[in-house]
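In what follows, a single structure is set out as structure tokens and then discussed.
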Amino acid sequence: MSIDSGGPSPKPKPIDLWRLPEILELRVRRRHFEPAFRVTTEGKDRLVRDAVEVEIRVTEPFPIRGLGPVLWIGDEPLTIAESDGKKTYRFLAFKPNALRADAPISLSWNSPGARRTETRFRFAVPSE
Amino acid sequence: MEVPRNKLDLRDDPGVLSPPILTQPLYACAKVVNVTGYVPGATLDVEINGAIAVAAFPGGSPAPAGATIPLPAPLVAGQHVRARQHHAGATSTWTAVVTVKDHTADYPAGPPRPEMFGTPLYKCGVRTGVQNLLVGCDVWITSNNTKVGSVSGANNPQGVNVSPAYDTGQHVRAWAELCKDPSPPSVEQIVQPPPLPLPTPGFDPIYAGATQVVVNTIVNGARFTLSRNAVQVGTFPCWGGKCIVGLNPPFTTGEVFTATQELCPSDGPSNPGTGTVQPCSALPAPQVGPIQDGDTQVVITQFVPGSEIKVFVNNVKTGDGSGPVVALTAPIPHHATVDVWQILGTCAGSTVQQVNSQCVNPPIVGDPSSLDLFPVGTHEYSDGQATFDGFTYDIRGSIYYPAEDDGTDQPFNKRLAALGRVPLVVCVHGAHSPTTPSYHGYDYFQQELARMGFIAVSVDERQTDENSDWAGWTQNIVRRAELAIASIGYLQQLDASDPIFQGKVDFGHTGLMGHSRGGDCVIAAAERINLPGVTIRAVLSLAPVNSGANSGKPHGYAFMTFLPAADGDVVDNNGAQFYDQAPPDPFKTQLYIDHANHNYFNRQWLNDDTGGGLPIMARPDHENILSAYGCAFFRNALRGDPTFGYLDNLLLPANVQNQNIHMSYDVAGARIIDNYEGHPITVDNEGQATAQLGGLTAKDFPFAQVGGAFNTSFFGNTTGSVCIAKETVGDFREPLSTPVDLRHSEVRVRAAEVYQAPNIPPNPTGFRVGVEDINGTIAWVDVNDVGGLSRPFGRRAFDLGQGSADKTKTMLSTLRFPGSCFGAGAKNLRITEIHAVHLGLNRADGRPIAFDDVEIVKS
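Protein sequences appear in the order of chains A and B. Note that this note's numbering has the first sequence beginning at 316, numbered continuously upward. Note that this note's numbering has the second sequence beginning at 2, numbered continuously upward.
Next comes the structure, spelled out in structure tokens:
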């Protein structure tokens, strides 16, 4: 009988939770929601009809984990996003006045002090 | 610390003999009682209602399970029973009186289900262990529905010899009965072929002077043949693992024991294993469990079976019995030195185990997850859909419930159902790959809850893990909450008309457990749920994020959170924010867990989220923490079980890496001396003027990730005080508006060693708490006398390597300072009239200490 050389069982492939994709394309537009979009703050819902949307197409999807990604417009964090389930994410700003023209755009994970990855994009105020 | 006995002046008073341990509770109809903790060879008396019922019963060896003493007549409810021992001319005091109860007082749905061990069972096996029994019951084993072995008047555990021997493929179960009241059957075992070749038996260390030998590595149900110096002494059936055999005369150094084992004669015996008797000088000191002031017994965690254990308190003999528990003749006084000595037959150990009692050192007692009453049925549901924010979800999940028998869609347990509806626990997983069945990851926890009488549901929320949904962050977590609520709504439909669940669910006692995003979601669910008849009474938030999906202030229920210190995903331990903001309603508990990661509480989440970057406990250690503390939490909060002691650090559960757990806890009704909220540091919560003495400076800071914090190591959501002593002895004095009697109360303080990046000093720091009476007398108790100040869990290198900020935390934990400890520390202290509490920094190391929630709580 031949002898199996054995060997350890393969371990689960390590997942780099902190990996951030690169932004390939970025578009900013105004967005009107019909029906209204629900926004929750400190457990309270409100309905919002207008927002600024920052749509990004990235090199790969964000890894699914507990924390979520943040798209920074300068120092204004955008945390709520929609996705096509693939590589396009639309981050929503419900306080457009907080967004500064020409602010640098960066990505990070939603944790204080998390490293922000700068991108080549800057924020342009969308037309009305 | 192991100390040579001849260096000590131990007064071995032969007249001191411990009362034995009478195994409790005692139930009516029991035909035996079990007595442990006596000196080997002692005789035992059992008294019932003031008359000796059994006199001078020969106890023999107390190993492995004490003496099972037949009674002249079965016990009757209301009888008063006690026991004592005689040895070498001495007689112990009686044990405390135990009143016999009807077992239905504790087990209204009948005796608990027996558990067979060791399993699997093998062909030709002739003995099986059965545990989870009520002492004195009848137990029997069936194979293919035919009784093959029984014991009337069983101990717990109890070995049952079976005849004929098992055969491959047979279906075997154990059963028990007390007062003609049958238990559910044990889990069914199917007999397996023998594991050939059989392993060689081994021996536990054997010492000269002993009269018992422990043979190990015995296959489940095998017989082993033992020889002493090549002379066969007998063949013994064994349930598996270890088996103990008593022999005479006592062993002498160099004697050789040999053992072989056998299952089926046609397969022949194993190779022989040998054990050689070691000299008496090799006998080690025993190991002991935690000892705290006031203890009336000592738990022996390691000892040689069959040995006599003597306990000396401040050199005075205070106990003489045997492991695992030795009762003492007097309570342990404050700051006592306790020496524990092991004597094995004619061999007296040359060393003793010496420990100092502490003011607070909780005992390790039981496992709140081990209550095993019922078979467990499982039911997968998938029925209907719900739509939120344009996302449509299937309502799916798994239900574990107490059943008539184990298996899928078994009928609900009839006897339990006859007693009323059953509390509900709903589990919600967090974000993970949507192809991973995350909701099955808590099956072990569901199983444990169901077997003790809960309905435990885990909601399948994988559809919320799809990237398109997950990216919504706060809104994703709100939808997770709504999907969980939809599942509870579906359970109400089942409760209305389902053949299994109709009328079974007590929605008025609902608990929620959520993990990661699920931990945030369950707090949101409790705030959003509006289903008629549903009352959330307990929420366990395990490693939660804090997205804003809820108010951030868990309220209206008992709250518990787990914070894995080595969390590689939710690195901010956001559950601390929830704990800080939760009112004790009626209580809250936080576990900050060193060496715990994010994923290993869920069996389906296979990867270590630290990627090997931090030292973490094994997966079963994570699961044991959720099992023990989660079961203690829901049992107490939903059903009123007496498991609260595990939630405020009065008791520690067995089978848990307790040294890694740092608890905070708070209860309603505590007298808050100072929580540093809403007033300057110069006054306390009672409006009294505080004082900073001895060069100590105290200042309020937000204990949060905000500007103005002392430094960036605080991750909660509260305000506290940071004290620094510039001189050797600094003191922060907090007066009370009215004096307090501390005889039956304790001072509680939340405190932490402040982490100051980048280094964690090698040595711990600390502080002391003082209480001052109306005469100005101050008595101090050091934090090291109540468990010590927790060290920061260092993770700086890991976090920086991930591109993150340093997430090493200043995480406060609650420390208890019982009034009795202050009273013992200063003879002139008027403990009945304390009018100030002091926080004293006396380490002269200049290191800052964080404080919060200085309280008086009734003990």
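We put the CB at the ideal spot given by N, CA and C, even for glycine. If you're wondering where the values come from, they're calculated on a predicted model, not measured in any experiment.
Tell me, please, whether the CB atom of residue i is closer than 8 Å to any CB atom in chain A?
| i | result |
| --- | --- |
| B/Gly-771 | no |
| B/Val-540 | no |
| B/Ala-806 | yes |
| B/Gly-203 | no |
| B/Gln-582 | no |
| B/Asn-551 | yes |
| B/Arg-518 | yes |
| B/Ala-669 | no |
| B/Thr-475 | yes |
| B/Val-192 | no |
| B/Leu-576 | Note on identity: in this sequence residue 576 of chain B is Gly, with Leu being the wrong assignment. Not closer than 8 Å to any Cβ of chain A, the Cβ of B/Gly-576 fails to qualify, so no. |
Whose C-alpha, out of the options, is nearest the C-alpha of residue i?
| i | options | result |
| --- | --- | --- |
| B/Leu-513 | B/Ala-559, B/Arg-480 and B/Val-479 | B/Ala-559 |
| B/Leu-651 | B/Ile-594, B/Gly-442, B/Leu-18 and B/Asp-294 | B/Asp-294 |
| B/Ser-144 | B/Asp-168, B/Lys-810, B/Leu-248 and B/Tyr-491 | B/Asp-168 |
| A/Val-369 | A/Leu-386, A/Asp-319, A/Ala-413 and A/Ile-318 | A/Leu-386 |
| A/Pro-392 | A/Trp-424, A/Ala-439, A/Leu-341 and A/Thr-434 | A/Trp-424 |
| B/Thr-338 | B/Thr-352, B/Asn-357, B/Ile-344 and B/Val-327 | B/Asn-357 |
| B/Ala-29 | B/Leu-697, B/Phe-602 and B/Gly-154 | B/Gly-154 |
| B/Arg-844 | B/Leu-18, B/Gly-767, B/Met-453 and B/Leu-179 | B/Gly-767 |
| B/Asp-205 | B/Val-317, B/Thr-277 and B/His-380 | B/Thr-277 |
| B/Ala-539 | B/Ala-451, B/Val-572 and B/Phe-634 | B/Phe-634 |
| B/Met-618 | B/Gly-631, B/Ala-597 and B/Thr-683 | B/Ala-597 |
| B/Gly-255 | B/Ala-231, B/Pro-280, B/Leu-648 and B/Pro-238 | B/Pro-280 |
| A/Thr-355 | B/Val-479, B/Arg-174, B/His-516 and B/His-745 | B/Val-479 |
| B/Val-82 | B/Asp-46, B/Glu-309, B/Phe-389 and B/Val-535 | B/Asp-46 |
| A/Pro-336 | A/Pro-384, A/Glu-349, A/Ala-416 and A/Ala-413 | A/Pro-384 |
Exposed or buried, which one is residue i when buried takes at least 16 other CB atoms within 10 Å?
| i | result |
| --- | --- |
| B/Ile-857 | buried |
| B/Asp-444 | buried |
| A/Ala-429 | buried |
| B/Lys-124 | buried |
| B/His-433 | buried |
| B/Gly-717 | buried |
| B/Gln-171 | buried |
| B/Gln-233 | exposed |
| B/Met-2 | exposed |
| B/Thr-147 | exposed |
| B/Thr-37 | buried |
| B/Leu-743 | buried |
With which residues is residue i paired in a DSSP beta bridge?
| i | result |
| --- | --- |
| B/Ser-439 | Paired residues: none, contrary to the question. |
| B/Cys-244 | B/Val-216 |
| B/Trp-95 | B/Trp-95 is not bridged to any residue. |
| B/Met-664 | B/Leu-592 |
| B/Thr-401 | For the sequence presented, residue 401 of chain B should be read as Tyr rather than Thr. The partner list for B/Tyr-401 (beta bridge, DSSP) reads B/Thr-379 and B/Ala-457. |
| A/Arg-415 | Its beta-bridge partners do not exist; DSSP assigns none. |
| B/Gly-512 | B/Val-426 and B/Ala-539 |
| B/Gln-693 | B/Phe-733 |
Taking only three categories from DSSP, how would you classify residue i?
| i | result |
| --- | --- |
| B/Ser-548 | coil |
| B/Tyr-445 | helix |
| B/Thr-475 | helix |
| B/Gly-841 | strand |
| B/His-335 | coil |
| B/Val-787 | helix |
| B/Asn-468 | helix |
| B/Gln-605 | coil |
| A/Ser-324 | coil |
If we define contact as Cβ-Cβ less than 8 Å, is residue i a contact residue for chain B?
| i | result |
| --- | --- |
| A/Arg-372 | no |
| A/Arg-380 | yes |
| A/Leu-339 | no |
| A/Ala-396 | yes |
| A/Ile-388 | no |
| A/Ala-429 | yes |
| A/Asp-399 | yes |
| A/Ser-421 | no |
Hey, is residue i close to the ligand GDP, as in C-beta under 7 Å from one of its heavy atoms?
| i | result |
| --- | --- |
| B/Arg-224 | Questions concerning the ligand GDP fall outside what the structure shown contains, since it holds no ligand whatsoever. |
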